[in-house]
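First the structure, in the form of structure tokens, and then the observations on it.
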Amino acid sequence: MRVEEIDIFTPVEKAGRLLSKLDLDFYDVFASYSRALSINILGKGIREAFSRVDVGIGVRAFKNKGMGVAFSQSLDDADVETTVKRAVGFARVAQPDPYFKGIPGPSKAPEVPGLCDGAVVYLTLEEASRFSKDMISAAEGVRKGAMYFGGFGAGYAKGYLLTSTGVSVEAEKTSVSAYIQPIYREGDDVGSSYEFDYAVSLREIDPCWIGRRAAEKAIEQFGSKKVESDFLPLILLPEASGSLFSSLLSALSGESAVKGRTFASNMLGKQIGPENLEIVDDGTIPGAVASSTYDGEGVPKRPLKVVENGRVLSFLHNSYSAGIMNAESTGHAVRGGYSGYVGAGPSNIRVKPGDATLDEIISETKRGILVVNASFSPNMVSGEFSTTIDEGFLIENGVKKHPVKNLMAGGHVLDLFKNIEVIAREGRTFGKGHFFPIIKVRDVKLSGK
């Protein structure tokens, strides 16, 4: 069935008419259609390729501060009626939430352009497989003989939201992603790395660059050595700093804060990093993967300064957490598809660059680790993290030496932010929206040999 033959609007309107005749305080209805293509790479080539289609409708009904949720993967009239009845029935017996104050009303916003690429909407598996083959060919052009792990994915989704407060919002988006990890062997020595990219449109993904860069980085990992345990500065390249900044913005979810599910619950108004640390979350960037005109509740997206002069200025609110904190929704509601869950989270995270260059940072480091790839994702409640530095280099007397192996970093993520020493002017833009600069963090606990 072609995309244009999928009608998600009529079932939503039908559910809305049924709900409007009932004695409810609020309701919302959301239906979506999505299609995903995946090409998986394993060994010397493509291991599998598959396409998945998902369609469904979800209803949230509210009565006396109680919420009932029901959804169906069928859009047939009878199933829509059953879904409405189930949601309403659950709402009437649900335990009241004293903090619930309602759902947002309608607001108009200028459309964010460039979020849907027709070439992705009608992409075939055969066409998608060429991206994976091109990554492998480009890597083989640098050095032959690797075993590969990776893949290519493309997705299209459209959705329609209707609420009792007058919100009527429709949207469609596309996304593509590609990554590859070559693994080379020379006797007992192993060189491995990976590269990736993601975007809204096919033309913004260069599989040959991804393949070449992954192979070049993998070759640089030959000759890795262990280093002794110590407290050393880390120089985080954008792939590593990005995981750190993304973790912070996720922790600043207002919903997580009011429920005590984040280590950042008490950080509003407090100093979290150096004076030159500034972070903006902006879901209105044209053509960016994480952009949209409205959030998951139909609230217009807008740029939000989250951190300024190193101080936390705002949580990322949906209407629920905003109501509890007597604030306005910041347009960060995230709707988890038609299943009914609505949370809060970041969109395009942009960290203001500094003045130093990478060469300057390295030259001024007596001893430290240049981190190419590592995931600084902490326990979201405690803030504690422990991560393997998958790819890095020892810095001695201002010079990049050999790659490192079997090295781990650990501690509390807030200590990493407090110990940010330098923010570089250099960085990388991901998905046309996120921007993460290179940073230097002092005194990080490392466990090695």
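If you're matching positions, the sequence shown starts at 2 in this note's numbering and goes up one per residue.
Just so you know, even glycine gets a beta-carbon here, dropped at the ideal spot from N, CA and C.
Just so you know, these numbers come straight off a predicted model, no measurement behind them.
Of the choices the options, whose alpha-carbon is the least far from that of residue i?
i: Q182; options: V191, S242 and K174; result: V191
i: Y295; options: D77, P111, K353 and G69; result: P111
i: A62; options: D24, S39 and A37; result: D24
i: S248; options: V382, S73, K353 and S225; result: V382
i: F197; options: M409, F31, R204 and I211; result: I211
i: A254; options: S244, K353, N267 and G369; result: In the sequence under discussion, the amino acid at residue 254 is Ser, which differs from the Ala named in the question. S254 has its Cα closest to that of N267, out of S244, K353, N267 and G369.
i: I439; options: M409, S376 and L371; result: L371
i: I184; options: E217, S178 and G160; result: E217
i: G341; options: P105, E392, D98 and L162; result: L162
i: Q96; options: G355, N65, D189 and L359; result: N65
i: G393; options: N374, N380, V400 and I325; result: N374
i: V60; options: K15, E141 and S108; result: K15
i: R18; options: N41, K45, E82 and R87; result: E82
i: V352; options: P12, A425 and I40; result: A425
i: F377; options: R93, P239 and S202; result: P239
i: N380; options: R53, A252 and P12; result: A252
i: D207; options: R186, V170 and A129; result: A129
i: K109; options: R144, L314 and V170; result: V170
i: G44; options: S133, L237 and E365; result: S133
i: S230; options: L76, R368 and D26; result: R368
i: V85; options: R144, S21 and V177; result: S21
i: V30; options: Y339, D356, N398 and E361; result: Y339
i: D26; options: G46, G67 and N41; result: G67
i: R204; options: G188, V177 and D189; result: V177
i: E1; options: I40, L76, G69 and S315; result: As shown, the chain starts at 2 and ends at 450. That puts residue 1 outside it, with no answer to give.
i: E361; options: N407, L314 and I236; result: I236
Could you check whether residue j and residue i sit closer than 8 Å to each other, using their CB atoms as the reference points?
i: D283; j: V307; result: no
i: T125; j: Y28; result: no
i: R213; j: A139; result: yes
i: G90; j: F72; result: no
i: V445; j: L269; result: no
i: L38; j: A120; result: no
i: I273; j: R312; result: yes
i: A265; j: G160; result: no
i: Y195; j: G152; result: no
i: D8; j: S35; result: no
i: G297; j: R262; result: no
i: K450; j: K227; result: yes
i: G428; j: P347; result: no
i: T175; j: S193; result: no
i: C117; j: E49; result: no
i: I42; j: F150; result: yes
i: G399; j: T366; result: yes
i: V343; j: N327; result: no
Which same chain residues, not among the five before or five after residue i, have their C-beta less than 6 Å away from its C-beta?
i: K402; result: L395
i: E422; result: K441 and R443
i: T80; result: For clarity, residue 80 is Asp in the given sequence; the question names Thr instead. Cβ within range, chain order: S73.
i: V300; result: P105, S330 and G332
i: G115; result: P287 and G288
i: M409; result: T389 and S448
i: N310; result: E276
i: I325; result: Y100 and V259
i: V13; result: V30, A32, Y161 and L163
i: F51; result: S39
i: C209; result: D135 and A139
Using C-beta distances below 7 Å, list every residue in its chain close to residue i, excluding the 5 sequence neighbours before and after it, in chain order.
i: T285; result: V113, S292, K302, R303 and P304
i: G432; result: Y199, A200, A289, V290 and A291
i: G243; result: F431, H435 and F437
i: I350; result: F246, S247, L250, I280, D282 and H435
i: D78; result: K15
i: F10; result: Y161
i: K187; result: One detail in the question is off: residue 187 reads as Glu in this sequence, not Lys. Excluding positions up to five away in sequence, the list reads F223.
Residues in its own chain within less than 8 Å of residue i by CB, not counting five upstream and five downstream?
i: A323; result: G255, E329, S330 and T331
i: L317; result: L250, L253, S254, G255, D282, L305, V307, T331, H333, A345, G346 and P347
### Task
At 3 residues or longer, and completely inside the stretch 422-450: list those beta strand (DSSP E) runs for me, N to C.
Counting only runs of 3 or more, we get 435-448.
### Query
Quick one: any contact between the stretch 367-386 and the stretch 405-422, if contact means 3 or more CB pairs under 8 Å?
With a cut-off of 8 Å, the stretch 405-422 and the stretch 367-386 count as touching, because enough Cβ pairs lie within range.
#### Entry: Three-pair Cβ contact test at 8 Å for the stretch 215-229 versus the stretch 271-278
Counting Cβ pairs under 8 Å, fewer than three are found: no touch.
### Task
Kindly provide the ranges of any beta strand (DSSP E) runs that are 3 or more residues long and lie completely inside the stretch 306-361, ordered along the chain.
With a minimum length of 3 residues, the continuous beta strand (DSSP E) runs that stay inside the stretch 306-361 are 334-336, 343-345 and 350-352.
### Query
Can we say the stretch 98-105 touches the stretch 166-176, given the rule of at least three CB pairs closer than 8 Å?
In short, these stretches touch, since the Cβ pair count reaches three.
### Task
Counting only runs of 4+ residues fully inside the stretch 160-242, write out the alpha helix (DSSP H) ranges in chain order.
DSSP runs (the alpha helix (DSSP H)) wholly in the stretch 160-242: 208-220.
### Message
My parser needs the beta strand (DSSP E) runs of 3 or more residues fully inside the stretch 97-141; what are they?
### Response
Counting only runs that start and end inside the stretch 97-141, there is no beta strand (DSSP E) element of at least 3 residues.
### Query
Mind pulling the beta strand (DSSP E) runs of 3 or more residues that sit fully within the stretch 21-83?
If we require 3 residues or more, the beta strand (DSSP E) runs fully inside the stretch 21-83 come out as 27-44, 46-64 and 67-73.
### Residue ranges of each beta strand (DSSP E) within the stretch 233-305, 3 or longer
The stretch 233-305 contains these whole beta strand (DSSP E) runs: 280-282.
### Task
Quick one: which unbroken alpha helix (DSSP H) runs of 4-plus residues sit fully inside the stretch 364-416? Chain order, please.
Entirely contained in the stretch 364-416, not one alpha helix (DSSP H) run reaches 4 residues.
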